[in-house]
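Engineer:
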Amino acid sequence: MTTLPSRLGLDTGFFKRLDGGGQRAETAWAQIVEGGTTGIISCVTIFELQKLGLRGVIEKQAVESLTEELHHLCQIIWLTENSLIRRAARISHGNNIAMADALILTSLMEADAEHIYTTDTDFERYEAGPADIVLLR
């Protein structure tokens, strides 16, 4: 099994790939579950997962189980500081990145994610961050 970085940021698209059987997502998730890698998510990702469940993109019961697991398996970054909101606004404005993506990106960078797994090409527009953006296809 490939060893992943110790701090792995997960965008909402990661969980869609995980639900769809994406090999890279499954490997990363297994290492998070086994404790070899710390998964990091934004509170915005929990919101987006709930919305995907309501829309039927991911089965609602699977979303409920997953979001419960996330509280035990991942570090969740709660956006409670004004400085984080201001930083996200600057990232969104300066890079033409959607609000939710900027909030998620800010959260993951705040937690020192080494890599960020996403399906969203918007994340690649932000090149100033220390984390590597890994597009899951």
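In my numbering, the protein residues as written are 1 to 137. We put the beta carbon where it would ideally sit given N, CA and C, even for glycine. Keep in mind the model is a prediction, meaning the values are calculated, not measured.
Going along the chain, which residues of its own chain have a beta-carbon closer than 8 angstroms to the beta-carbon of L136, five neighbours each way excluded?
Structural biologist: The sequence position of residue 136 within the sequence shown is 136, counting from 1. The residues are G13, F14, R17, G22, R24, A25, Y117, T118 and T119.
Engineer: Once DSSP output is grouped into helix, strand and coil, what is the label at H67?
Structural biologist: The sequence position of residue 67 within the sequence shown is 67, counting from 1. His is not the amino acid found at residue 67; the sequence shown has Thr there. The answer is helix: DSSP assigns T67 an H, G or I state.
Engineer: Mapping the DSSP letters down to three states, classify I91 as helix, strand or coil.
Structural biologist: As a position in the sequence shown, residue 91 is number 91, starting the count at 1. Of the three classes helix, strand and coil, the one that applies to I91 here is helix, per DSSP.
Engineer: Please check the pair T106 and L84, which I expect to be a contact at CB under 8 angstroms, by giving their CB distance rounded to whole angstroms.
Structural biologist: Looking up residue 106 in the sequence shown gives position 106. Looking up residue 84 in the sequence shown gives position 84. Going by Cβ atoms, the distance from T106 to L84 rounds to 6 angstroms, so yes, they are a contact pair.
Engineer: For A89, which option in I104, C43 and H115 has the closest C-alpha, if you only look at C-alpha atoms?
Structural biologist: Here residue 89 corresponds to residue number 89 of the sequence shown, with the count starting at 1. With distances taken between Cα atoms, A89 lies closest to I104.
Engineer: Under 8 angstroms, do D101 and H115 count as touching if we go by C-beta distance?
Structural biologist: Taking the sequence shown and counting its residues from 1, one reaches residue 101 at position 101. Taking the sequence shown and counting its residues from 1, one reaches residue 115 at position 115. No, the pair does not count as a contact, with Cβ atoms beyond the cut-off.
Engineer: Considering only residues of the same chain and omitting the five flanking positions on each side of A98, which have a CB-CB separation below 8 angstroms?
Structural biologist: Position 98 of the sequence shown, counted from the first residue, corresponds to residue 98. Around A98: S92 and D122.
Engineer: State the Cα-Cα distance for the pair L79 and S42, rounded to the nearest angstrom.
Structural biologist: Residue 79 sits at position 79 when you count from the first residue of the sequence shown. Residue 42 sits at position 42 when you count from the first residue of the sequence shown. Cα to Cα, the separation comes out at about 8 angstroms.
Engineer: H115 bridges to which residues according to DSSP?
Structural biologist: By 1-based counting over the sequence shown, the position of residue 115 is 115. In DSSP, H115 forms a bridge with L8 and D132.
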